[in-house]
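Notes for the one structure printed next.
There are 2 protein chains.
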Amino acid sequence: MRIVVDAMGSDDHPGPDVAGAVMAAREFGDAIVLVGDRPRVEAALAAQDTAGLAIEVRHATQAIGMKDSPSAAAREKRDSSMHVGLALLRAGEADAFVSAGNTGAILAVATLRQTGVGRIPGVLRPALGVVFPIESKPMLIDNGANADAKPEYLLQFGQMGSVYVERMLGIARPRVALISNGEEEGKGNHLIKETIPLMEASGLNYVGNIEPKEFVRGAADVGVIDGFTGNVMMKTAEAVAGYMSDTIRKYIMAGTLTKIGGALARPAFQRVRAQLDPDEVGGAPLLGVNGVVIIAHGRSNAYAMRQAIGQARRVAERGIVAAIAERLGN
Amino acid sequence: MRIVVDAMGSDDHPGPDVAGAVMAAREFGDAIVLVGDRPRVEAALAAQDTAGLAIEVRHATQAIGMKDSPSAAAREKRDSSMHVGLALLRAGEADAFVSAGNTGAILAVATLRQTGVGRIPGVLRPALGVVFPIESKPMLIDNGANADAKPEYLLQFGQMGSVYVERMLGIARPRVALISNGEEEGKGNHLIKETIPLMEASGLNYVGNIEPKEFVRGAADVGVIDGFTGNVMMKTAEAVAGYMSDTIRKYIMAGTLTKIGGALARPAFQRVRAQLDPDEVGGAPLLGVNGVVIIAHGRSNAYAMRQAIGQARRVAERGIVAAIAERLGN
Chain A
17 MRIVVDAMGS DDHPGPDVAG AVMAAREFGD AIVLVGDRPR VEAALAAQDT AGLAIEVRHA
77 TQAIGMKDSP SAAAREKRDS SMHVGLALLR AGEADAFVSA GNTGAILAVA TLRQTGVGRI
137 PGVLRPALGV VFPIESKPML IDNGANADAK PEYLLQFGQM GSVYVERMLG IARPRVALIS
197 NGEEEGKGNH LIKETIPLME ASGLNYVGNI EPKEFVRGAA DVGVIDGFTG NVMMKTAEAV
257 AGYMSDTIRK YIMAGTLTKI GGALARPAFQ RVRAQLDPDE VGGAPLLGVN GVVIIAHGRS
317 NAYAMRQAIG QARRVAERGI VAAIAERLGN
Chain B
17 MRIVVDAMGS DDHPGPDVAG AVMAAREFGD AIVLVGDRPR VEAALAAQDT AGLAIEVRHA
77 TQAIGMKDSP SAAAREKRDS SMHVGLALLR AGEADAFVSA GNTGAILAVA TLRQTGVGRI
137 PGVLRPALGV VFPIESKPML IDNGANADAK PEYLLQFGQM GSVYVERMLG IARPRVALIS
197 NGEEEGKGNH LIKETIPLME ASGLNYVGNI EPKEFVRGAA DVGVIDGFTG NVMMKTAEAV
257 AGYMSDTIRK YIMAGTLTKI GGALARPAFQ RVRAQLDPDE VGGAPLLGVN GVVIIAHGRS
317 NAYAMRQAIG QARRVAERGI VAAIAERLGN
């Protein structure tokens with residue numbers, strides 16, 4: 017297995033990107049290609065013990081930042097670490113590409129056939145899947161690849177998410193639901209209402225429209241939603257979880273007894289935090305592009321990068337791209 | 017002040033609806049009109065101490081349930097407690113209407129001029145505002161009155177929300193934001209992108225597009241969003257808060273020391289719960305209809321109903337309807 021890692025992706029690049037790649041190389045024994053500004057990447061590597069690891073560096077003269085316009089950067093920064101890394105994937109010189117960089121730019125560079133791997137034949141729009149960090153680990157798709165969607169896109173998101181969950185979690189007939197503002201007939205916006213008949217006729221294990229409450233209770237393995245609402249939903253979940261943690265901590269620290277109680281209860285809080293931790297989850301797979309592309313959180317630390325690389329190798333190993341091609345292709 | 021309360025609204029009607037009305041009548045000294053099935057309402061009243069309170073009962077032969085189709089129920093159940101109650105509001109015999117019933121049905125009955133109070137002249141679509149239960153208590157609007165929106169609707173939601181927050185919270189120039197999937201230029205779906213220039217030209221204190229994270233941190237007093245996404249967002253927030261509480265409790269109860277710690281920290285948890293409690297917030301104002309209409313949670317207990325009635329009287333007192341008419345009317 018040979019995995020390309022964008023060394024210029026994370027907010028604190030190249031430190032976490034490089035350190036995570038080293039962890040992954042040691043743990044999984046894969047070859048890693050780090051793409052980025054060679055002097056900076058090699059300096060970060062020099063701080064690590066890389067003896068016996070198959071790590072190489074490819075130089076890229078440019079880097080795409082979080083503030084860059086995705087479409088402009090995709091068009092103009094042709095020698096960015098994303099472009100160079102995705103060209104390796106396209107050329108078949110690597111099995112997967114991982115980046116913690118600008119999501120919109122990765123989408124743009126990866127989806128274009130000139131710069132990236134293009135779409136799997138038959139796929140209308142690639143979509144970003146994300147694992148919702150509750151115990152049952154359902155997938156929410158789309159998490160923002162497409163701010164505006166059509167019914168036939170949502171249908172494909174359900175199909176691609178279903179393939180992913182089947183192969184990655186070993187669930188034979190994943191329950192696919194549309195996320196909506198209500199379960200009753202007549203609920204949903206136009207998009208949802210027009211997608212329902214497509215889902216019903218799809219052969220998927222479509223379990224209906226569900227509200228976020230049901231999704232959080234584990235009522236579906238794949239929650240399908242347009243990228244705008246999905247992204248707002250995921251960010252709301254993260255924000256509320258963070259707000260609750262902060263508020264609980266604040267009130268616990270406000271009294272002596274509660275402070276002692278908080279100290280005693282710390283192992284319980286740590287378990288909750290570990291479960292909700294986006295670092296544990298790895299990255300978000302970009303499904304529908306013709307290669308394995310995993311997008312890690314911009315705030316990723318080395319461990320989160322390692323998890324994303326581990327996820328990339330599993331996605332490659334389990335043939336998700338070929339399985340989507342078989343399911344959707346003509 | 018004379019407030020009409022739908023006695024057949026809440027999931028456990030008429031108990032909580034009647035008990036909450038009695039609490040409100042005692043607390044605020046207002047006259048309350050309870051509308052519903054007279055024998056059942058009077059039986060519930062008999063269980064309460066109503067000495068000296070100005071409570072009367074109006075009979076309605078029908079009730080609209082949570083499972084009823086809103087449009088069909090609005091059309092067909094012409095003698096429902098909602099129809100009878102909203103007719104009193106339209107006739108000027110009451111200052112406000114409060115119901116914990118089927119939101120879609122309240123919307124439908126209230127918005128139609130034949131059955132309810134109709135729209136304020138100039139208002140394109142009424143919207144459901146909801147107080148987001150974080151410390152700064154911002155308003156999220158629309159919380160589901162309109163599953164599909166247009167830019168000019170969102171603009172009015174911002175205007176109506178702004179009037180509400182000005183008058184209810186005493187904030188002179190409320191910060192109005194669009195809730196989006198990113199703050200950078202180019203983020204947002206078509207709807208958001210087309211709404212931005214309207215917001216910029218509106219004279220509102222428009223502070224830009226914000227992500228849910230910023231909204232939860234208190235970056236805006238009014239968060240504007242289409243009703244589908246707004247409803248999914250609010251329900252996600254409730255679901256994640258509930259999930260976190262349950263998970264923390266489960267892990268605390270799993271160990272002896274953590275259990276002791278949890279007991280000591282209980283006052284802190286209670287403060288968090290009280291802050292997030294939707295019962296404290298009251299109900300959601302339906303802004304843009306030509307009268308004061310407050311929709312309480314279906315799960316409301318007596319205290320939540322009392323809070324919603326208290327909110328209704330403040331909305332009436334502070335002339336929100338007239339202020340919206342002045343701001344939006346021609």
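Note that the protein sequences, when read in sequence, are chains A and B. If you read the first sequence in this note's numbering, its first letter stands for residue 17, the second for the next number, and so on. If you read the second sequence in this note's numbering, its first letter stands for residue 17, the second for the next number, and so on. Ideal placement from N, C-alpha and C gives every residue a C-beta, glycine not left out.
Who are the near neighbours of residue i in its chain, counting only those whose CB is closer than 6 Å to its CB and skipping five residues on each side?
i	result
Val-25 of chain B	The sequence given here places Gly at residue 25 of chain B; Val does not occur at that position. Counting only Cβ-Cβ distances below 6 Å, and skipping sequence neighbours, we find Asp-33, Ser-115, Ala-116 and Gly-117.
Gly-134 of chain B	Asn-306
Ile-71 of chain A	Ala-41 and Ile-48
Based on the DSSP output, what are the partners of residue i in its beta bridges?
i	result
Asp-22 of chain B	B:Val-51
Ala-193 of chain A	A:Gly-224 and A:Gly-239
Arg-74 of chain B	B:Val-51
Ala-143 of chain A	A:Leu-303
Met-155 of chain A	A:Val-147 and A:Val-238
Ile-268 of chain A	Answer is none; Ile-268 of chain A lacks a bridge partner.
Ser-115 of chain B	B:Ile-311
Ser-178 of chain B	According to DSSP, which records beta bridges pairwise, Ser-178 of chain B is partnered with nothing at all.
Ser-316 of chain B	Answer by DSSP bridge pairing: none, since Ser-316 of chain B is not bridged.
Who are the neighbours of residue i on chain B, taking C-beta pairs under 9 Å?
i	result
Lys-166 of chain A	Chain B residues near Lys-166 of chain A: none, gap ~12 Å exceeds 9 Å.
His-75 of chain A	In chain order: nothing, as chain B lies at least about 28 Å away.
Ser-85 of chain A	Glu-200, Glu-201 and Gly-202
Where residue i and residue j are concerned, what is the direct C-alpha to C-alpha distance, given to the nearest angstrom?
i	j	result
Pro-137 of chain A	Val-179 of chain A	16 Å
Leu-185 of chain B	Pro-149 of chain B	14 Å
Ala-257 of chain B	Ala-257 of chain A	7 Å
Met-39 of chain B	Met-249 of chain A	37 Å
Ala-312 of chain A	Lys-153 of chain A	17 Å
Ala-339 of chain B	Arg-189 of chain B	15 Å
Asp-84 of chain B	Leu-104 of chain B	23 Å
Ala-59 of chain B	Glu-342 of chain B	43 Å
Asp-65 of chain B	Ile-212 of chain B	54 Å
Thr-252 of chain B	Gly-202 of chain B	25 Å
Gly-271 of chain A	Ile-264 of chain A	12 Å
Gly-101 of chain A	Gly-234 of chain B	39 Å
Val-297 of chain A	Ala-107 of chain B	58 Å
Arg-322 of chain B	Asn-159 of chain B	22 Å
So, at 7 Å on beta carbons, what are the nonlocal neighbours of residue i in its own chain, with the 5 sequence-adjacent residues on each side left out?
i	result
Gln-23 of chain A	Rather than Gln, the amino acid found at residue 23 of chain A in this sequence is Ala. Cβ neighbours of Ala-23 of chain A beyond the five flanking positions: His-29, Pro-30, Asp-33, Val-34, Leu-50, Val-51, Gly-52, Val-57 and Ser-97.
Arg-329 of chain B	Met-17, Ile-19, Phe-44, Asp-46 and Ala-112
Asp-95 of chain B	Ala-76, Thr-77 and Gln-78
Lys-347 of chain B	No information on residue 347 of chain B is available, as it lies outside the stretch 17 to 346 that chain B covers here.
Val-337 of chain A	Ile-136, Asn-306, Gly-307 and Val-308
Asp-262 of chain A	none
Arg-120 of chain A	Reading off the sequence shown, one finds Gly at residue 120 of chain A, where the question assumed Arg. Excluding positions up to five away in sequence, the list reads Pro-86.
Identify the contact partners of residue i in chain A, using a Cβ-Cβ distance below 9 Å as the criterion.
i	result
His-313 of chain B	Those do not exist, as His-313 of chain B stays about 13 Å from chain A at its closest Cβ, beyond 9 Å.
What in chain A is Cβ-close to residue i, meaning under 7 Å?
i	result
Pro-228 of chain B	Val-248, Lys-251, Thr-252 and Ala-255
Starting from the C-beta of residue i, find all residues in its chain whose C-beta is less than 8 Å away, skip the five residues before and the five after it, and write them out in chain order.
i	result
Leu-69 of chain A	Val-38, Ala-41, Arg-42 and Ile-48
Met-155 of chain A	Gly-145, Val-146, Val-147, Phe-148, Gly-177, Tyr-180, Val-181, Asp-237, Val-238 and Gly-239
Glu-216 of chain A	Tyr-222
Ile-195 of chain A	Leu-156, Asn-225, Ile-226, Glu-227, Pro-228, Phe-231, Gly-239, Val-240, Ile-241, Thr-245, Gly-246 and Met-249
Gln-172 of chain B	Val-139, Leu-140, Arg-141, Ala-143, Gly-304 and Leu-344
Ala-193 of chain A	Tyr-222, Val-223, Gly-224, Asn-225, Ile-226, Glu-230, Phe-231, Ala-235, Ala-236, Val-238, Gly-239 and Val-240
Ile-268 of chain B	Thr-274, Lys-275, Gly-277 and Gly-278
Gly-204 of chain B	Leu-194, Ser-196, Asn-197, Gly-198, Ile-212 and Asn-225
Run through chain B and tell me which residues come within less than 8 Å of residue i, C-beta to C-beta.
i	result
Asn-197 of chain A	Gly-160, Ala-163, Gly-243, Phe-244, Asn-247, Val-248 and Lys-251
Gln-291 of chain A	Thr-263
At 7 Å on the CB atoms, spell out the chain B contacts of residue i, in chain order.
i	result
Val-287 of chain A	For clarity, residue 287 of chain A is Arg in the given sequence; the question names Val instead. Here the neighbours are Tyr-267.
Leu-224 of chain A	It is worth fixing the name first, because residue 224 of chain A is Gly in this sequence and not Leu. By Cβ distance, chain B contributes nothing, its closest Cβ being about 15 Å from Gly-224 of chain A, past 7 Å.
Tyr-259 of chain A	Ile-150 and Val-232
Asn-205 of chain A	Ala-163, Asp-164 and Phe-244
Ile-276 of chain A	Leu-280
Residue i touches chain A at which residues, Cβ-Cβ below 8 Å?
i	result
Gly-271 of chain B	Pro-283 and Ala-284
Is the region 313-320 of chain B close to the region 285-300 of chain A, with three or more CB pairs under 8 Å? no
Do the region 225-243 of chain B and the region 271-280 of chain B touch if we need at least three Cβ pairs shorter than 8 Å? no
Check whether the region 117-130 of chain A touches the region 85-103 of chain A, counting contact only when three or more Cβ pairs, one atom from each stretch, lie closer than 8 Å. yes
Below 8 Å, can you find three or more Cβ-Cβ pairs linking the region 141-158 of chain B to the region 298-311 of chain B? yes
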